[in-house]
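Participant:
Next comes the structure, spelled out in structure tokens:
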């Protein structure tokens, strides 16, 4: 295709400012491009078999390719190759009216940004021209290198592989009348959880099939051939059928190649124009078939097989990302842009179709641009137990509230890797029922339950966090020792929530059976390093780990968590019966102030114990009694909400959506923690004590988890880690001497 420069072209639409090259007239445009194939007032093309539909879909794919390369080369950075290899599929989805598109692949970001530009979604962030699109790419408050909730029209974040299906399935569960396609690369197909999470979801919700994997089978990963590059079409089809899919639609560019390209993966942009149209028509009708199948109750996948980098500056893995040499002035970039250049009238046609598709710009139409309507919960049935009374199981007390939430809100789901009963929350299963195709009253199973129990922490966290991001209430339950396997997607969602332009329920977790309770199960079950992860995330500003010391406290913590928005709330509590030490009012105070004083004993000197956790209070109270005999006073402070104990400048709270700037002032901090000595005590990672140690000016030390071991009791395990009353007393005396 012959290209001209903007100076040689007249009548270009204003949004085209910044386009480097325009092409000459395209054969057939007068016949097939004179009128937008998506008519005014319509949301999609009328007939996928219409030659004009394929023609204009092809133009849309080329417009996407041009913009991807123009934008990434403007910064000599970014990832054009993967999206380019499936541009026809994305264009087909849009032309068919489907805009609730999610991606598994963060490196598809330039393509999604280009699509959001074409349908005018990015005007909501002040991007109206291609020049502005170029300027704002990979800039702060602009178009980040990977997708985020900050971008208008983008449904979910993308970056870590193995996550996109969770967002698509969550959205499909909440919006059963809409299609949620998501692109997944063949390089990322090897991520361990994609197929297993889809399989469990489909078993639990067999009628929810309105999500559509779009496999981008281009033969390459980021820097080498993909691990499925040697599969035949028959083997790939069998793979999906073997994983429970009922419909597989595969379109292979090789079947249309008239350029005699070598290998199993070819570039359709090298075909004759007639064969390009034939390939695009096959993609368009194939996507239409797959979409209708998914919406009609069949688990369906659409596969587009085309060489990575089709139509951009390089092919194969070499097209994956740009380097410093790949500038707009580089000959190979110039050549590629000129090859994909389109005349002004095509740009206007593509813009019109994209804007009309789906009923308007994605920023005005996709489900995540609106808050999901939730039923009011009213007052939950909190039960306050008497302080010092009969020991109670914290998790069971919270379970009663969780059950009530589920009974009020039928779109509320609890996820757990088959362990609610073992975690002291069998009452959740009894009230809400485990989702299972086999009805069994003994195990509280029913097909229409609200407890999702795959044997995969990724699937548990994925559905819970995904639903929360999409606007629903959820609870992810886990043993602390195993939760690390589901944490990546939970972290992705909390970070996305910090950037969202809308309110959504916080993603809430309950982690039971901390390391101290797992001695009998051996060191494999003792992994409290996850608390260090959460300690780091506290600095994000929207992550709040909570450590209720008893059954009263946990109820108040959960009740508060349900009122919050755009946060990650981590509740860690014991499944053993423990003494009641706090009132409701004390925990309410601790949620505001970070901590609450449980006991104060006077003496000549004073040792302050800042305690995180519930079982860790046992040796601390023993230590305080022993110190009192030595004439040394003690103050026992239960740290329930450590995020409040940071100083405001320690966290990025003011950059978060639904910003929470609640921090204790110096006067209150001193009231809680000032003494002759301060000892921080936790059964988990010492990092969680950081906000206290940062601010305290007392002589101080920490007692924390060191390593797991097989023991017969929690006390023995604490002793192995140095968490004993005797050790605390010895250190306290040495600090005040």
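Residue numbers (full-length UniProt numbering): 1 to 737.
Built from N, CA and C at the ideal position, the CB exists for glycine as well.
Quick caveat: nothing in here was measured; it's all calculated off a predicted structure.
For residue 477 and residue 416, which I take to be in contact (beta-carbon distance under 8 Å), what is that distance rounded to the nearest angstrom?
Facilitator: Yes, residue 477 and residue 416 are in contact; Cβ-Cβ is about 4 Å, under 8 Å.
Participant: For residue 153 and residue 263, what's the separation of their Cα atoms in angstroms?
Facilitator: Approximately 37 Å, taken between the alpha carbons.
Participant: Could you compute how far the alpha carbon of residue 67 sits from the alpha carbon of residue 343?
Facilitator: Whole-angstrom Cα-Cα distance: 14 Å.
Participant: If distances are taken between C-alpha atoms only, which option among 236, 532, 182 comes closest to residue 294?
Facilitator: Of 236, 532, 182, the residue nearest in Cα terms is 182.
Participant: Over what stretch of residues does the beta strand (DSSP E) that includes residue 600 continue unbroken?
Facilitator: Unbroken beta strand (DSSP E) run through residue 600: 595-601.
Participant: Taking the alpha helix (DSSP H) that residue 353 belongs to, which residues open and close that run?
Facilitator: Taken as a continuous stretch (DSSP letters only), the alpha helix (DSSP H) holding residue 353 covers 344-356.
Participant: Using three-state DSSP, classify residue 16 as helix, strand or coil.
Facilitator: Note: residue 16 maps to helix in three-state DSSP.
Participant: From 630, 602, 640, pick the residue whose C-alpha is nearest to that of residue 754; which is it?
Facilitator: Absent from the structure is residue 754, since the part of the chain shown begins at 1 and ends at 737.
Participant: Classify residue 119: buried if its beta carbon has 16 or more other beta carbons within 10 angstroms, exposed otherwise.
Facilitator: It counts as buried.
Participant: Residues in the same chain with beta-carbon distance under 6 Å from residue 26, minus the five sequence neighbours each way, listed in chain order, please.
Facilitator: Excluding sequence neighbours, residue 26 sits near nothing in its chain.
Participant: Whole angstroms is fine: what's the gap from residue 338's alpha carbon to residue 18's?
Facilitator: C-alpha separation (whole angstroms): 14 Å.
Participant: Please report the straight-line C-alpha distance between residue 392 and residue 483, rounded to a whole angstrom.
Facilitator: Using only the alpha carbons, I get a separation of about 24 Å.
Participant: Whose C-alpha, out of 82, 199, 92, is nearest the C-alpha of residue 221?
Facilitator: Residue 221 has its Cα closest to that of 82, out of 82, 199, 92.
Participant: Below 8 Å, how does it come out for the region 516-524 and the region 709-724: are there three or more Cβ pairs, yes or no?
Facilitator: With a cut-off of 8 Å, the region 709-724 and the region 516-524 count as touching, because enough Cβ pairs lie within range.
Participant: Runs of 4 residues minimum, wholly inside the region 386-433: which ones carry the alpha helix (DSSP H) assignment?
Facilitator: Whole alpha helix (DSSP H) segments, 4+ residues: 394-408, 426-432.
Participant: Check residue 568 in the structure and name its three-state DSSP category.
Facilitator: Correct three-state label for residue 568: strand.
Participant: Kindly provide the ranges of any alpha helix (DSSP H) runs that are 4 or more residues long and lie completely inside the region 221-266, ordered along the chain.
Facilitator: Counting whole runs of 4 or more residues, the region 221-266 contains the alpha helix (DSSP H) stretches 233-242.
Participant: Rounded to whole angstroms, what is the Cα-Cα separation between residue 216 and residue 572?
Facilitator: Whole-angstrom Cα-Cα distance: 40 Å.
Participant: May I ask you to report which of helix, strand or coil DSSP gives residue 736?
Facilitator: If DSSP states are grouped into helix, strand and coil, residue 736 belongs with the helices.
Participant: Could you tell me the distance, in whole angstroms, from the CA atom of residue 257 to the CA atom of residue 39?
Facilitator: Spanning the two alpha carbons is a distance of roughly 32 Å.
Participant: Could you name the residues of the same chain whose beta carbon sits closer than 7 Å to that of residue 7, not counting the 5 residues immediately before and after it, in chain order?
Facilitator: Note on residue 7: pLDDT 47, under 50, position unreliable in the model; no value is reported.
Participant: Mind reading off the beta-carbon distance from residue 404 to residue 375? Whole number of angstroms is fine, and I expect it under 8 Å.
Facilitator: About 12 Å; that fails the 8 Å criterion.
Participant: Who are the Cβ neighbours of residue 131 in its own chain at under 8 Å, not counting the five residues just before and after it?
Facilitator: Excluding sequence neighbours, residue 131 sits near 17, 18.
Participant: Have a look at residue 301 and residue 526 and give me their C-alpha separation to the nearest angstrom.
Facilitator: So the alpha carbons of these two residues sit roughly 40 Å apart.
Participant: Compute the Euclidean distance between the alpha carbons of residue 100 and residue 441, then round it to the nearest angstrom.
Facilitator: Cα to Cα, the separation comes out at about 38 Å.
Participant: Classify residue 734: buried if its beta carbon has 16 or more other beta carbons within 10 angstroms, exposed otherwise.
Facilitator: It counts as exposed.
Participant: Of all the beta strand (DSSP E) runs that stay within the bounds of the region 507-582, which reach a length of 3 or more residues?
Facilitator: Counting whole runs of 3 or more residues, the region 507-582 contains the beta strand (DSSP E) stretches 507-512, 543-546, 568-572.
Participant: Just tell me which of 276, 550, 522, 173 has its CA closest to the CA of residue 709.
Facilitator: Measuring from the Cα of residue 709, the nearest candidate turns out to be 522.
Participant: Can you name, in chain order, every residue of its own chain whose Cβ lies under 7 Å from the Cβ of residue 64, other than the five neighbours on each side?
Facilitator: Here the set comprises 87, 90, 91, 111, 114, 115.
Participant: Alpha carbon to alpha carbon, how far is residue 738 from residue 317?
Facilitator: Within the shown structure, residues of the chain are numbered from 1 to 737, placing residue 738 beyond reach of any answer.
Participant: What number of angstroms, rounded off, separates the C-alpha of residue 308 from the C-alpha of residue 487?
Facilitator: Near 31 Å, if we compare the C-alpha coordinates of residue 487 and residue 308.
Participant: Is it right to say residue 230 is buried, meaning 16 or more other beta carbons lie within 10 angstroms of its own, or is it exposed?
Facilitator: Exposed, because fewer than 16 other Cβ atoms sit within 10 Å of the Cβ of residue 230.
Participant: Quick one: what's got a C-beta closer than 6 Å to residue 684's C-beta in the same chain, skipping five residues either side?
Facilitator: Excluding positions up to five away in sequence, the list reads 528, 531, 705.
Participant: Would you tell me roughly how many angstroms separate the C-alpha atoms of residue 364 and residue 533, rounded to the nearest one?
Facilitator: Rounded to the nearest angstrom, the two C-alpha atoms are 36 Å apart.
Participant: Keeping to the same chain, check which residues put their C-beta closer than 8 Å to that of residue 632; ignore five residues upstream and five downstream.
Facilitator: Counting only Cβ-Cβ distances below 8 Å, and skipping sequence neighbours, we find 603, 604, 605, 606, 607, 732, 733, 736.
Participant: Are residue 286 and residue 249 touching if we call contact CB-CB under 9 Å?
Facilitator: Closer than 9 Å, so yes.
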